Every structure is written in structure tokens, then in C-alpha cells.
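Taking it in order: structure first as C-alpha cells, then the write-up.
There are 2 protein chains.
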Amino acid sequence: MALTLRQLRYFIAAAEAGQISQAAVEMNISQSAVTAGIQGLEARLGVQLLQRGAQGVSVTPEGARFLGRARAIMAAVDDAERSPLGEERSVTGRLRLGVTYTVAGYFMARHTAAFRRSYPGVTLELSELSRSAIENALVTGGLDLAVMLTSNLGNAEELEAETLFRSRRRVWLPSEHPLLSAPEVSLRDVAREPYIMLTVDEASRTAGRYWDQHGLVPQVVFSTSSVEAVRSMVAAGMGVTILSDMVYRPWSLEGQRIEQRTTQEPVPSMDVGLSWARNRPLTAPAQVFRAFLSLTLGRGG
Amino acid sequence: MALTLRQLRYFIAAAEAGQISQAAVEMNISQSAVTAGIQGLEARLGVQLLQRGAQGVSVTPEGARFLGRARAIMAAVDDAERSPLGEERSVTGRLRLGVTYTVAGYFMARHTAAFRRSYPGVTLELSELSRSAIENALVTGGLDLAVMLTSNLGNAEELEAETLFRSRRRVWLPSEHPLLSAPEVSLRDVAREPYIMLTVDEASRTAGRYWDQHGLVPQVVFSTSSVEAVRSMVAAGMGVTILSDMVYRPWSLEGQRIEQRTTQEPVPSMDVGLSWARNRPLTAPAQVFRAFLSLTLGRGG
DNA sequence: GGCGTCTCATCGGATTTTTCGATACTGTAA
DNA sequence: TTACAGTATCGAAAAATCCGATGAGACGCC
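Keeping their order, the protein sequence lines are chains A and B.
So for the first sequence, my numbering puts the first residue at 14; every next one is plus one.
So for the second sequence, my numbering puts the first residue at 14; every next one is plus one.
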């Protein structure tokens with residue numbers, strides 16, 4: 014098999030995460046895919062790149078040397094992808110971008126820096142707002158563009174939306190929870206547990222929909238708008254929750270572990286995407302930002 | 014779809030060849046695969062890279078800019094692939110390499126320069142010899158390694174072989190030949206035509222095998238050890254031949270066109286590979302050369 | 001202008017690769 | 001030794017790729 018960029022991506026992610034399984038979560042794919050990809054790379058090169066251990070993986074000396082090269086390749090690829098847009102690299106102007114809470118913390122952080130580097134002429138004005146505030150601002154012209162949850166977008170007549178990626182929702186459970194014994198958890202079982210409700214970004218509204226659909230009601234013992242709080246409370250055994258992979262991390266702030274289980278019943282994924290006013294043409298900076306994100310997230314284009 | 018190295022390879026090949034179909038022949042794949050690959054790339058970038066015309070393709074201004082980037086990526090990839098072998102880059106010594114006629118002209122030419130660049134410490138001594146001379150020299154120690162046709166290797170007890178790639182054999186026909194009307198040509202039809210026999214590299218021995226197998230005898234009107242002569246004679250309409258894609262070019266030295274047709278009956282492919290003496294361990298330069306070619310030709314490692 | 005010829009694009013089907021989910025294996029720590 | 005966290009492996013499903021054949025458009029020749 015020939016060397017592929019996918020293999021390089023997997024290797025870089027695993028090397029940086031220090032764990033193959035964590036790298037898989039971050040890339041929204043399965044652990045076995047990452048394992049296979051890296052194995053293919055090692056076979057191709059005839060060199061062991063990662064040292065596997067009980068706590069995860071660490072790069073071998075050869076791996077470290079190759080990691081540098083791999084990063085150089087990915088940098089060259091990034092360059093090349095943006096190059097044909099090069100004319101527009103000189104785009105200048107203001108981009109008033111609205112984002113919702115989870116998007117700001119778990120998604121935009123990774124991309125704003127790269128965007129600023131690519132388009133130094135664009136002044137990026139980020140505002141964290143609620144869904145309804147964003148929708149209003151888009152329609153009235155207070156915002157040019159928004160990155161938000163596109164699955165339950167209101168006001169479909171006036172707003173255009175484009176989904177950038179989906180993140181799966183799973184049950185979060187503390188270590189040693191009885192429900193961990195099964196590979197899948199039914200919503201009925203979750204309904205019997207104390208539930209920590211996250212109240213940001215329409216999370217509760219979305220949750221309500223799929224709970225209703227199965228005629229169940231979660232026993233909400235605590236509502237918070239802080240993902241960190243949810244993480245800590247789940248880790249401490251105060252309850253369980255259902256949230257997307259995008260915000261999942263295996264450790265709470267206190268260092269306690271959090272587990273994940275797939276639900277037996279299908280639960281809608283969290284869809285993150287762009288939204289803008291239908292009747293207002295995208296400004297040049299907004300168009301550039303849209304193209305930038307599309308490329309970065311590896312969708313067709 | 015994400016950007017892939019394959020797409021870049023296809024694009025570079027097409028840009029350099031000036032024709033998608035010619036690029037496909039050079040890469041031993043079908044034209045439609047190259048077309049699809051480049052289309053995927055253009056869709057991904059949202060830019061037209063090639064200007065299609067009746068005589069082939071030419072790069073657009075955007076394509077030219079991207080071509081540079083693509084080459085940079087492939088250079089970085091080549092670097093990375095050889096980097097883990099980096100310790101051995103300092104390998105020094107002499108490599109006495111035997112090659113057969115067609116391999117020398119149509120295969121080695123492309124790779125020797127790159128090898129010399131990667132391993133400046135290795136003195137490459139190339140000798141063009143006949144199959145039997147090479148086999149003798151390998152056994153007696155006059156050669157360290159050989160690149161030759163591995164399909165009909167004699168002396169299998171004493172020689173080890175590793176096939177690097179296969180090239181399909183097809184019928185070569187002059188323009189306006191009646192047999193061109195059908196998409197495939199049967200060996201029986203070819204047997205009725207005057208046949209130009211190439212006498213280098215066991216070509217006639219291999220040919221004999223598959224002709225015998227079908228109980229047919231080609232009407233050899235001319236035998237030559239020069240591929241250029243075969244090309245010119247086929248183009249001039251003096252006869253037809255069956256040779257591998259590796260040595261195929263659509264034009265003769267005189268500028269006349271040569272066509273290709275697949276045979277109805279399966280004809281064995283031409284297998285090019287390495288060979289060395291079984292009882293003699295590979296020298297360090299030989300090992301390095303083997304790894305180098307394996308990587309360059311994109312096989313598993 | 002009509003026709004043959006060359007080239008690239010498109011399509012269906014076969015093949016190969018990639019992915020996922022489940023399970024087995026392995027090293028570490030109690 | 002057991003429990004556990006993490007990786008490797010396996011079979012089946014899904015997706016991408018490839019091929020061969022056919023279609024469509026441009027050029028040159030009569």
C-alpha cells in the first residue's frame with residue numbers, strides 16, 4: 014500500500030494525544046481505524062513509530078524523526094489547499110462571527126488561530142451568544158455569519174445553514190457504574206439514573222426531543238451551563254448524562270475518569286455548521302471563512 | 014472527500030504528460046481513474062486546474078500555482094519516506110548493479126538519478142548484460158544485485174528474486190490497421206499478421222511460451238534487438254508486435270503514431286524485479302538500493 | 001459542411017480499501 | 001492473581017477506487 018495523508022493524520026493525532034483511543038475520539042472515528050492506519054504506516058516504512066504501553070503510546074526515536082517530517086507534509090498540504098484561494102488571501106474587512114457556547118470552547122479554539130494566520134487582513138470579531146440572539150443578529154444584520162448547532166435551527170425561512178460535521182452523542186458514566194457492564198445502554202436504564210442536564214446550546218431542548226420520542230423522562234438532579242461542572246459531577250458519581258463526543262474528555266478537572274457508552278436507541282448526533290441570513294449575500298470575509306472551514310474539515314467542496 | 018496523495022500524483026503526471034490518457038499509460042492505470050482523480054481534486058479545491066482540449070490538457074494559471082505546491086508536497090513525502098532510513102543515508106561503498114537492455118532504457122533511467130541524490134556515498138556501477146550473463150555474475154560474485162525480468166528467471170536454486178512491478182503486454186498496431194476496429198484482438202488474428210520480433214531481454218522466449226500455449230506461430234518477418242526499430246517498423250506498417258506498456262510510446266522516432274490493443278487471450282505481464290545470489294548476503298549498498306526501489310515504486314514494505 | 005479522429009467525461013459493475021463494532025490480547029498495579 | 005486500561009485483531013458493512021465501454025465535444029481534412 015502506498016503512503017497516504019490519512020495515515021499521517023492518524024499518526025500525528027496519536028502521537029500528540031498519547032493515546033490511540035483518545036486520538037480516535039478527537040477525530041470522530043473508531044479506535045481500530047486509527048490502529049490499522051498507524052500499523053499500515055509502520056509496515057510501509059519498516060520502522061516502529063510508536064511504543065505501545067498500558068497507559069497509551071509514546072513515540073520512538075524513529076517516530077519522533079518521522080513526526081517532524083509528517084508535520085512538514087501536512088503543513089505543505091495546508092499551504093497548497095489554501096493557495097488556489099491565494100488571490101483572496103489579501104481579503105480585508107471585518108467578519109462579525111457569532112458562536113454558541115460549546116462551539117466557542119470546543120471547536121473554534123482550534124481554528125481561529127489558523128484562520129487569522131491565513132487571512133491576516135480579516136478582523137475577526139467573535140461573539141458568544143445564545144441561539145436565539147444569534148438568529149436575530151443574523152437577520153437584522155448585526156452578525157455576518159455564525160457557527161452553531163444546525164440540527165434544530167429555527168427560522169428556516171430567513172436563515173441558510175450548512176452543516177460542517179457531526180458528533181455522536183453517548184452516555185457519560187462514572188467509573189464503576191453498574192451500567193458499564195453492558196456494551197450498550199438503553200434510554201430506559203438511563204432514565205432510572207440521576208441525570209445531569211447541560212443547559213447550554215439547546216442541549217436540553219434536543220435532549221427533550223429524543224426523550225419524548227421514547228416516552229421517557231430523565232430524572233434531572235442538577236442543571237448547569239458549565240460543561241466542566243457536568244464532567245466533574247458525572248466523574249464524582251452524582252449522575253449521568255448524554256452529550257456529544259465533541260465535548261467528551263476522559264478525565265474531569267479533578268482527575269477522575271469518565272466513561273462513555275453508546276445508547277441502544279439511536280440518538281441524534283450533534284451537527285455543527287454555519288448559518289447566515291438568506292436574504293443577505295455573504296460578505297467577502299464570510300465567504301473566505303466558509304471556504305476555509307470547509308477545507309479544514311475535509312469535506313467536498 | 015479529503016485531499017489524497019494519489020490525486021496529487023495523478024495531477025502532476027497529467028500536467029507533465031500534457032495528456033490524461035498518456036499519464037494513465039505511464040502510471041499503468043486506466044484513463045478514467047486519472048480523470049476521476051483530477052476531478053476530485055478540482056472539486057475539493059473549487060478551482061479548475063487543467064484546461065481540457067482536443068489535443069490534451071494544459072495547466073490553468075491556478076493549476077500552475079497548485080502544481081508547484083503539489084510538487085513540494087511530493088518532495089516532502091519522498092523525504093519523509095527515506096528519513097527513517099536516514100541512518101543509512103551515510104552508507105558508503107560500491108554497488109555493482111546488473112541490468113538488462115529494456116530495464117536500462119525504460120526503467121533505471123528514471124531512478125538512478127534519485128538514488129544517487131539520496132545516497133551520495135554509494136558508487137553505482139551499472140552494467141548492461143544479458144540475462145544469462147547477469148545470472149552467472151550474480152552467482153560468481155561479479156555483481157551484487159540485478160534489476161531484470163523476474164518472470165522467467167533460470168537458476169531458481171541459486172538466485173533469489175523480488176518482483177517490483179508488472180507491466181501489461183498488448184498488441185502494437187500501426188494507424189489504420191484493420192485490427193484496430195475491434196476493441197480486443199485475438200492471438201489468432203495477430204498470427205496472421207507479419208510480426209516484428211524483439212530479441213532482447215528474453216522477449217522472444219517469453220513470446221514463444223504464450224504462442225505455443227495457444228498452438229500458434231507468429232510470422233516473424235524481422236527480428237531486431239532495438240525497441241526503436243520495432244517502433245519505427247510497426248509505425249511504418251511493416252508488421253505488428255506484442256510488447257509491454259513499459260516500453261510503449263504512442264509515437265515513433267519519425268513521428269508516426271502507434272496504437273495499442275488488448276489481447277483477447279490473457280498474455281503474461283512483464284515482471285520487473287530484483288535478483289541476487291541466495292547464498293551471498295546482500296551488501297549494505299544493495300540493501301539500501303532494494304529498500305529505495307521498493308519505496309519509490311509504492312509497494313508494501 | 002460533413003466525416004473521421006483524437007481526447008476527455010461519464011456510467012455500471014467488480015474489486016479493493018476503509019471503517020466499525022465486538023472481542024481477544026497485553027502490560028501494569030494493587 | 002485479579003482488575004483494569006489500552007491496543008491488536010477479526011468479520012462484516014460501507015465507501016472509495018478501478019476498469020472497460022460508451023458518450024460528447026473539438027480539431028483537421030476532404
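Positions of the beta carbon are idealized from the N, C-alpha and C atoms, including for glycine.
These figures come from a predicted structure and were not determined experimentally.
Under 8 angstroms from the C-beta of residue i: neighbouring residues of chain B
i	result
Ile86(A)	Ile86, Ala89, Val90, Ala93
Ala304(A)	Gly59
Interface partners of residue i on chain A, CB under 8 angstroms
i	result
Ala83(B)	Ala93
Thr17(B)	Thr17, Leu18, Arg19
Contact set for residue i: own chain, Cβ-Cβ below 6 angstroms, skip 5 residues either direction
i	result
Glu173(A)	Trp289, Arg291
Ile42(B)	none
Arg312(A)	Confidence at Arg312(A) is low in this model, with a pLDDT of 41, below 50, so its placement is unreliable and no value can be given for it.
Glu75(B)	Val60
Arg109(B)	Glu138, Leu156, Asp157
Met259(A)	Tyr119, Ser180
Gly31(B)	Gly69
Ser140(B)	Gly111
Contacts around residue i, its chain only, beta-carbon distance under 8 angstroms, and the 5 residues preceding and following it disregarded
i	result
Gln20(B)	Gly50, Ile51, Gly53, Leu54, Arg57
Arg321(B)	Since the displayed chain B opens at 14 and closes at 314, residue 321(B) lies outside it and no answer follows.
Thr48(B)	Ile33
Val116(A)	Val160, Met161, Leu162, Asp214, Val285
Ala46(A)	Tyr23, Ala37
Val253(A)	Val184, Trp185, Leu186, Pro187, His190, Leu192, Val203, Glu206, Pro207, Tyr208, Ile209, Val247
Tyr261(A)	Val38, Arg183, Trp185, Ile271, Gln273
Glu281(B)	Correcting the residue identity first, residue 281(B) is Pro in this sequence and not Glu. Answer for Pro281(B): Ser164, Arg182, Thr219, Arg222, Tyr223, listed in chain order.
Ile317(B)	Coverage of chain B is limited to positions 14 through 314, which leaves residue 317(B) absent and any answer about it impossible.
Bridge partner(s) assigned by DSSP for residue i
i	result
Met161(B)	Gly286(B)
Thr237(A)	Leu211(A)
Ala174(B)	Ser288(B)
Gly69(B)	Gly66(B)
Glu138(A)	Arg109(A)
Glu189(A)	DSSP lists no partner for Glu189(A).
Val184(B)	Ile255(B), Arg274(B)
Arg179(A)	Asp284(A)
Met224(A)	Contrary to the premise, residue 224(A) reads as Trp rather than Met in this sequence. For Trp224(A), which the question treats as bridged, DSSP gives no partner whatsoever.
Gln44(A)	In the DSSP output, where bridge partners are listed per residue, Gln44(A) has none listed.
Val198(B)	Thr276(B)
Val232(B)	For the sequence presented, residue 232(B) should be read as Gln rather than Val. DSSP output for Gln232(B) lists Pro207(B) as bridge partner(s).
Chain-order list of residues whose beta-carbon lies under 7 angstroms from that of residue i (same chain, five-residue window excluded)
i	result
Val198(B)	Val184, Leu192, Arg274, Thr276, Gln277
Gln44(A)	Ile33, Ser34, Ala37
Arg293(B)	Gly154
Thr17(A)	none
Thr73(B)	Gln61, Leu62, Leu63, Gln64
Proximity test, residue i beta-carbon vs the ligand ZN heavy atom, cut-off 7 angstroms
i	result
Ile42(B)	The ligand content of the structure shown is nil, which means the ligand ZN is not present either.
Can you find at least 3 beta carbon pairs, one from the stretch 79 to 88 of chain A and one from the stretch 202 to 220 of chain A, that sit closer than 8 angstroms?
no
Three or more C-beta pairs below 8 angstroms linking the stretch 125 to 140 of chain A and the stretch 294 to 305 of chain A
yes
The stretch 156 to 167 of chain B / the stretch 277 to 289 of chain B touching (three or more Cβ pairs under 8 angstroms)
yes
Could you tell me whether the stretch 27 to 34 of chain A touches the stretch 60 to 80 of chain A, using the rule of 3 or more Cβ pairs below 8 angstroms?
yes
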